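According to my numbering, the stretch in the sequence shown is residues 903 to 980, in order. All residues carry an ideal CB built from backbone N, CA and C; glycine is no exception. What you are looking at is a predicted structure, and each value in this text was computed from that prediction instead of being measured.
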Amino acid sequence: NAVGIEKFDEFVIIALGNKSALDKIHNHLCPNLTSIDLSKNSKYLQKLFGITKRHLGAVESKNPLEDLLAEKAATLFQ
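Structural data, given as structure tokens:
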């Protein structure tokens with residue numbers, strides 16, 4: 903019946919933009935953020951979004967993970 907995230911569900915927000923816009927978003931959201939261990943951030947994001955080494959190997963880029971995440975994010979907004 904309802905659409906959206908349940909009250910206690912975990913989710914990730916990926917934001918792209920200039921530093922001042924990202925700082926504004928961060929300052930607005932900061933009081934409600936839950937900290938997670940990001941020492942292995944790339945592995946966490948790969949697992950969260952189901953990105954395999956095979957996917958990364960198929961992208962010819964200096965930053966294949968970032969490119970795949972941007973592509974996934976763009977798909978959500980089409």
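Euclidean distance between Cα positions of residue i and residue j
i: residue 960; j: residue 914; result: 24 Å
i: residue 952; j: residue 962; result: 19 Å
i: residue 949; j: residue 921; result: 27 Å
i: residue 969; j: residue 923; result: 20 Å
i: residue 976; j: residue 955; result: 21 Å
i: residue 927; j: residue 935; result: 12 Å
i: residue 912; j: residue 974; result: 18 Å
i: residue 945; j: residue 918; result: 20 Å
i: residue 980; j: residue 942; result: Only weak support is given to the placement of residue 980: the predicted model assigns it a pLDDT of 47, under 50, and the value that follows is read from those uncertain coordinates. In a straight line, the C-alpha of residue 980 is about 30 Å away from that of residue 942.
i: residue 937; j: residue 909; result: 17 Å
8 Å Cβ cutoff met for residue i and residue j
i: residue 907; j: residue 971; result: no
i: residue 958; j: residue 947; result: no
Residue range of the alpha helix (DSSP H) that includes residue i
i: residue 925; result: 921-931
i: residue 959; result: 955-959
i: residue 949; result: 943-951
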